[in-house]
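Colleague: Residues in the sequence shown are numbered from 1 upward in steps of one, following the UniProt record's numbering.
Each residue gets a CB set at the ideal place from its N, CA and C atoms; glycine is no exception.
Remember, predicted model here, so these are calculated numbers, not experimental data.
Sharing a structure with you now.
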Amino acid sequence: MGEPGEQLPEEVLVLIFRHLPLRDRAAAARVCRAWAAAATCSAVWHNTNISCDCELKSMLPPYLYACLDHVHNLRLEFEPSREPSRRVATELLTALAGHTPGLRGLCLECRGEKPLFDSGRDVLDAVHALCGAARALRHLDLRRLPFTLSDTLVLQVAHGCRELRSLFLDNGTLVGSVRPSSVLELVEACRCLRALGLHLASLSSTALEALAAPDRAPFELLAVRCACPEDVRAPPLPSEAWVALRRRHPWLAVELELEPALPAESVTRILQPALPVAALRLCLSGDTVGPLRFAARHYATTLRLLEVRAAASAELDAALEEVAARCTGLREVHCFCLVRPSVLHAFRAHCSRLRSYTLKLTREPHPWRPTLVA
Numbered sequence: 001m002g003e004p005g006e007q008l009p010e011e012v013l014v015l016i017f018r019h020l021p022l023r024d025r026a027a028a029a030r031v032c033r034a035w036a037a038a039a040t041c042s043a044v045w046h047n048t049n050i051s052c053d054c055e056l057k058s059m060l061p062p063y064l065y066a067c068l069d070h071v072h073n074l075r076l077e078f079e080p081s082r083e084p085s086r087r088v089a090t091e092l093l094t095a096l097a098g099h100t101p102g103l104r105g106l107c108l109e110c111r112g113e114k115p116l117f118d119s120g121r122d123v124l125d126a127v128h129a130l131c132g133a134a135r136a137l138r139h140l141d142l143r144r145l146p147f148t149l150s151d152t153l154v155l156q157v158a159h160g161c162r163e164l165r166s167l168f169l170d171n172g173t174l175v176g177s178v179r180p181s182s183v184l185e186l187v188e189a190c191r192c193l194r195a196l197g198l199h200l201a202s203l204s205s206t207a208l209e210a211l212a213a214p215d216r217a218p219f220e221l222l223a224v225r226c227a228c229p230e231d232v233r234a235p236p237l238p239s240e241a242w243v244a245l246r247r248r249h250p251w252l253a254v255e256l257e258l259e260p261a262l263p264a265e266s267v268t269r270i271l272q273p274a275l276p277v278a279a280l281r282l283c284l285s286g287d288t289v290g291p292l293r294f295a296a297r298h299y300a301t302t303l304r305l306l307e308v309r310a311a312a313s314a315e316l317d318a319a320l321e322e323v324a325a326r327c328t329g330l331r332e333v334h335c336f337c338l339v340r341p342s343v344l345h346a347f348r349a350h351c352s353r354l355r356s357y358t359l360k361l362t363r364e365p366h367p368w369r370p371t372l373v374a
């Protein structure tokens with residue numbers, strides 16, 4: 001510590017403590033009064049990451065709860081298949097509902113094995129209570145929450161968080177249970193919404209029309225996931241609705257994620273020429289390369305990121321080369337199967353703005369790391 005006159009200023013301590021994990025913040029707070037004041041400063045807790053597995057075992061709950069009022073943006077990690085981890089996450093979310101009316105952003109991220117189908121009710125109930133209390137919530141990200149989301153939760157967000165800017169519901173659930181009527185009510189209630197992620201079955205032409213209303217804030221991002229059986233049965237969205245939405249919001253970017261369970265007719269129904277697709281993630285089965293060729297012909301001016309999971313084949317290589325020749329504005333391309341050297345050469349030759357790519361010519365141990373372009 002040195003002499004009292006050599007104590008670091010509180011502003012410097014705050015800059016240091018805000019980068020520490022929770023247990024290290026707790027240890028710092030027990031060193032002296034000056035460090036305790038800096039470790040509990042609101043600037044340290046404004047953006048907080050909490051892991052319910054490795055950090056809270058040695059954490060004193062009174063210290064954490066005393067700082068919850070200062071948390072504005074929270075990223076919470078837990079393992080839903082482990083009951084202790086899920087219990088701590090539930091307790092923290094419940095405490096936030098009572099302590100933090102000023103919470104602005106919440107991102108929930110699940111780690112480890114996928115939980116049982118009916119688990120997670122406790123976490124979802126806590127999220128529901130939090131959305132009812134956090135009236136200032138601006139951003140809610142549930143993409144990495146593997147539980148089945150409900151209309152009740154969406155409606156709670158719609159009526160409790162009118163200042164919402166972004167909401168992501170496009171998670172990896174096996175069942176899409178959020179009805180289009182709930183999404184429409186959300187869109188109409190949250191007039192400042194700028195980004196929305198959801199399953200295809202939750203989207204409707206009336207929601208697109210509501211997003212295209214002239215009195216809305218600029219809408220910037222629409223992420224659509226197509227993986228559930230409900231997505232396959234979803235009615236087609238008219239091209240006119242997409243055209244109107246793009247005309248109203250010319251800077252709109254659409255992200256599409258397609259799973260292999262979708263039949264070919266559903267894929268062609270989803271991939272419409274009028275969509276300004278900026279990111280396309282494809283999981284292709286068999287030798288199906290139709291979506292790739294469609295993207296090359298219709299998304300040449302908008303596509304910035306392409307991710308493909310498929311079996312290696314000559315047809316796939318040819319389709320990738322066509323994408324490289326047409327979609328010259330690509331920033332990232334990641335293909336998780338071996339490709340021939342001509343594919344790599346095509347992307348390096350045609351896509352001058354390429355920043356990173358995963359195009360492996362020989363087998364390597366997983367996980368594959370992307371190559372950064374200097």
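#1: Give the straight-line distance between the Cα atoms of E3 and E10, rounded to the nearest whole angstrom.
#2: How many Å lie between E321 and G290 at the Cα?
#3: In the DSSP assignment, find the unbroken alpha helix (DSSP H) run with H70 in it and report its ends.
#4: Over the uninterrupted alpha helix (DSSP H) stretch that includes G98, give me the two end residues.
#5: Report buried or exposed for P367, applying the criterion of at least 16 other Cβ atoms within 10 angstroms of its Cβ.
#6: Quick one: does S85 have its CB under 8 Å from some CB of chain B?
#7: Of all the options V175, S182, P250, which has the alpha carbon lying nearest to the alpha carbon of H159?
#8: For a quick check, are the C-beta atoms of L167 and V157 less than 8 Å apart?
#9: In this structure, how does DSSP classify A311 when only helix, strand and coil are distinguished?
#10: Find the nearest neighbour of T206 within the set R86, E185, A217, judged by alpha-carbon distance.
#11: Confirm, please, whether the CB-CB distance from V14 to A43 is below 8 Å.
#12: Report back the beta-carbon spacing between L258 and C226 to the nearest angstrom; my notes put them in contact at under 8 Å.
#13: In three-state terms, what does DSSP make of G132?
#14: Grouping DSSP H, G and I as helix and E and B as strand, with all else coil, what is L256?
#15: Could you check the C-alpha separation between R247 and P276 for me, to the nearest Å?
#16: Considering F294, what are the terminal residues of the beta strand (DSSP E) in which it resides?
#17: Using the three-state DSSP reduction, which class does S239 fall into: helix, strand or coil?
#18: Taking DSSP as the reference, what is the three-state secondary structure of L221?
#19: What's the call for A28, buried or exposed, on a 16-neighbour Cβ count within 10 Å?
#20: Would you list the one or two residues that DSSP bridges to G329?
#21: Just verifying my parser: in three-state terms, what is the DSSP assignment at T48?
#22: Grab me the residues of L237's own chain with a C-beta within less than 8 Å of its C-beta, minus the 5 sequence neighbours each way, in chain order.
#23: Keeping to the same chain, check which residues put their C-beta closer than 7 Å to that of H350; ignore five residues upstream and five downstream.
#24: Alpha carbon to alpha carbon, how far is L305 from A26? Give it in angstroms, no decimals.
#25: Kindly list the residues whose CB is nearer than 6 Å to the CB of D317, restricted to its own chain and excluding five residues on each side of it in sequence; keep chain order.
#26: Check each candidate in R331, R75, S356, A136 and name the one with the smallest Cα separation from R143.
#27: As a quick exercise: from S85, A126, L174, pick the residue whose alpha carbon is nearest that of L153.
#28: How long is the line joining the alpha carbons of S51 and E109, rounded to whole angstroms?
Modeller: For this structure:
#1: Below a pLDDT of 50, predicted positions are generally treated as unreliable, and E3, at 49, falls in that range; no measurement from the model is reported.
#2: Near 14 Å, if we compare the C-alpha coordinates of G290 and E321.
#3: Boundaries for H70: no alpha helix (DSSP H) harbours it, and the DSSP string shows neither H nor E there.
#4: Unbroken alpha helix (DSSP H) run through G98: 83 to 99.
#5: Label assigned to P367: exposed.
#6: The structure shown contains no chain B; it holds only a single protein chain.
#7: When each option's Cα is compared against that of H159, the closest is S182.
#8: Yes; because the gap between Cβ atoms is below 8 Å, this pair is in contact.
#9: Coil, per DSSP.
#10: Residue E185 is the option with its Cα nearest to T206.
#11: Yes, they are a contact pair.
#12: That pair is a contact at about 5 Å.
#13: Three-state DSSP puts G132 in a helix.
#14: Judged by DSSP in its simplified three-state form, L256 adopts strand.
#15: Roughly 11 Å separates the two Cα atoms.
#16: It is not in any beta strand (DSSP E) - F294 instead sits in the alpha helix (DSSP H) that spans 290 to 298.
#17: S239: helix per DSSP, three-state reduction.
#18: Here L221 sits in strand by DSSP.
#19: Label assigned to A28: buried.
#20: G329 pairs with nothing; no bridge assigned.
#21: Residue state for T48 is assigned as strand, using DSSP reduced to three classes.
#22: Closer than 8 Å at Cβ, skipping near neighbours: L203, S204, S205, L208, Q272.
#23: Closer than 7 Å at the Cβ level, and outside the excluded window around H350, lie A324, A325, T328.
#24: So the two alpha carbons sit approximately 41 Å from each other.
#25: Only residues of its own chain outside the window of five on either side were considered, and among them V339, R340, V343 have a CB closer than 6 Å to the CB of D317, listed in chain order.
#26: The residue with the shortest Cα to Cα distance from R143 is R75.
#27: When each option's Cα is compared against that of L153, the closest is A126.
#28: So the alpha carbons of these two residues sit roughly 9 Å apart.
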